[in-house]
Structures are given as C-alpha cells and as structure tokens.
Amino acid sequence: SQQGEEDPQALSIQEGENATMNCSYKTSINNLQWYRQNSGRGLVHLILIRSNEREKHSGRLRVTLDTSKKSSSLLITASRAADTASYFCATPISSGSARQLTFGSGTQLTVLP
Amino acid sequence: ETGVTQSPTHLIKTRGQQVTLRCSSQSGHNTVSWYQQALGQGPQFIFQYYREEENGRGNFPPRFSGLQFPNYSSELNVNALELDDSALYLCASSFKKSGSSQETQYFGPGTRLLVL
Numbered sequence: 455s456q457q458g459e460e461d462p463q464a465l466s467i468q469e470g471e472n473a474t475m476n477c478s479y480k481t482s483i484n485n486l487q488w489y490r491q492n493s494g495r496g497l498v499h500l501i502l503i504r505s506n507e508r509e510k511h512s513g514r515l516r517v518t519l520d521t522s523k524k525s526s527s528l529l530i531t532a533s534r535a536a537d538t539a540s541y542f543c544a545t546p547i548s549s550g551s552a553r554q555l556t557f558g559s560g561t562q563l564t565v566l567p
Numbered sequence: 020e021t022g023v024t025q026s027p028t029h030l031i032k033t034r035g036q037q038v039t040l041r042c043s044s045q046s047g048h049n050t051v052s053w054y055q056q057a058l059g060q061g062p063q064f065i066f067q068y069y070r071e072e073e074n075g076r077g078n079f080p081p082r083f084s085g086l087q088f089p090n091y092s093s094e095l096n097v098n099a100l101e102l103d104d105s106a107l108y109l110c111a112s113s114f115k116k117s118g119s120s121q122e123t124q125y126f127g128p129g130t131r132l133l134v135l
C-alpha cells in the first residue's frame, strides 16, 4: 500500500507562475522527502524535511510539513519550462532492518512557455 | 547526475524468460535498494541489500531475487517473467552506518523492461 498521496494528479501552469503540490501520508514519520522524475527516467532528490521542522527552503523550492495533519506541500516559485516533470513525496518506513521509501503516485507538472 | 548507473537501459523479453538487471552504486555507498515503477505509478520497494545480504523486502514474490557484490554493485534477477513485470526498474544507493538508518537514497536512470 502507498504511504503518501500527492494532490493534484496533474497541474499545468504558465512559465513564471508558482506551482504548489500537496502530499498526505498515513503513519508517523521522522522525515519526508520530495523527488522529481523527468519523463520516466531516474528520480532526483530535491529536499528532505525532518519531523521537527515546519518549513525548509532550497533555491526556488519551499517545503512545509504539518505533522498534525500528516501533510506536506512543495512550492516551486517562478516556474520554468525545465521544471516540467513528475514530483513525488516519499516517506521512509522500516522493512526488516531496511529503510524503504514509500511513494505516492505523483503530481505531473507541466510548465508552458 | 547521482553517480548511480544501471544497465541495460532498455530490454525486451518474452513471458516465462529470465532477466538480470545491473546497478553500480555511487562511490562510498554501501546499500542498494531496488524499486519497480509501473507506468503512471510511484516506485514500489522490491528489496534492499546491505553488506551483501538482503535486509528488507517488499511485497514481491520469490522469483524476484538479488545479489550485492563486495564492490557494492548489485543485480536484480527476475525468473518466469509475467506480462505485469513490464515496468521501469530503479536502483538506489545510500550509505548506512551500523545501527542507524540511511535517509536519502540516490537513484539511477532505470532499466525499462517490456515483457511480451
């Protein structure tokens, strides 16, 4: 079963606008991560936010975490055509002595030039 | 670029055949995880290898097996291929200290497998 679910499933915006994606998860976590995937290729790690953090910034990315609502959001400011990709939130859970990442189905972001 | 490489990039097999996918970890990493990503879905955890042993497994049947070598590279083997095995297979490497958990995983570009 999937731990995280992203919303919306698809988002289309004009270049220069901001894009906001949301993620909800089910169980308690000690961190939440966001990844980007271009056209069915490998995932690129964007940012990790720990459970004791409420907000984190990295360049044009801003991530918030609300552990009481079990939700997170990813904001991309001043979007560019190159930001077109699928975005996934992921939470690590224990599987044996391994730490596996559980992913939602992702948000497909299209930035129109 | 993460430094994680996978081969081959694409592969076509027929139902019932066997396949081996390969992954080279990022330098300094000692843990490899494998994920299956069906079209339009997020990646699903298959298993993880640490110090050449499987130390965690997702909800996949025994016909999915793996190896990790002393240089921390890894193989994913799938026997008796089924049509539903068609997917993008991703490996991810990370560094795990004994007694602690690894957090960030770095993904390779994936191998796209098509089963006919």
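Going line by line, the protein sequences match chains A and B.
Each residue of the first sequence is one higher than the one before, counting from 455 in the working numbering.
Each residue of the second sequence is one higher than the one before, counting from 20 in the working numbering.
From the three backbone atoms N, C-alpha and C, an ideal C-beta is built for every residue, glycine too.
Given the structure is predicted, the values throughout are model-derived calculations rather than measurements.
Under the three-state reduction of DSSP, A/Ala539 is assigned to strand. Within chain A, the residues whose beta carbon sits less than 8 Å from that of B/Gly77 are Ser549, Gln554, listed in sequence order. DSSP places A/Thr518 inside the beta strand (DSSP E), whose first and last residues are 515-520. The way I'd put it, the segment 546-562 of chain A does touch the segment 458-468 of chain A; three or more beta-carbon pairs between them come closer than 8 Å.
Residue pairing for A/Lys510: DSSP places it in a beta bridge opposite A/Val517. Rounded to whole angstroms, the gap between the alpha carbons of B/Ser92 and B/Phe79 is 21 Å. Within its own chain, the residues whose Cβ lies closer than 8 Å to the Cβ of A/Asn485, once the five positions on either side in sequence are excluded, are Leu502, Ile503, Arg504, Ser505, Thr545, Pro546, listed in chain order.
Residue pairing by DSSP places B/Lys32 opposite B/Val134 in a beta bridge. Chain-order list of chain B residues neighbouring A/Gln468: empty, with the shortest C-beta distance near 25 Å, by a criterion of under 7 Å. For B/His48, no beta strand (DSSP E) encloses it, and the DSSP letter there is neither H nor E. Pairing B/Gly127 with B/Cys42 gives a Cβ-Cβ distance under 7 Å.
Residues of the segment 475-498 of chain A whose Cβ lies closer than 8 Å to any Cβ of chain B, in chain order: Asn485, Gln487, Tyr489, Gly494, Arg495, Gly496, Leu497, Val498. Any Cβ of chain B closer than 7 Å to the Cβ of A/Gly513 would place that residue at the interface, and such an atom is absent.
DSSP places B/Leu102 in the helix class (H, G or I) of the three-state scheme. Using a Cβ-Cβ cut-off of 7 Å, B/Asn74 counts as an interface residue toward chain A, since at least one Cβ of chain A sits closer than that to its own. By the 16-neighbour rule on beta-carbons within 10 angstroms, A/Pro567 is exposed. At least 7 Å separates the beta-carbon of B/Ala99 from that of B/Ala57.
Selection B/Val97, B/Val134, B/Thr33 evaluated against B/Thr39 yields B/Val97 as nearest (Cα-Cα). Not flagged as an interface residue toward chain A: B/Gly22, since no C-beta distance is shorter than 7 Å. Under DSSP, the beta-bridge partners assigned to B/Arg76 are B/Phe66.
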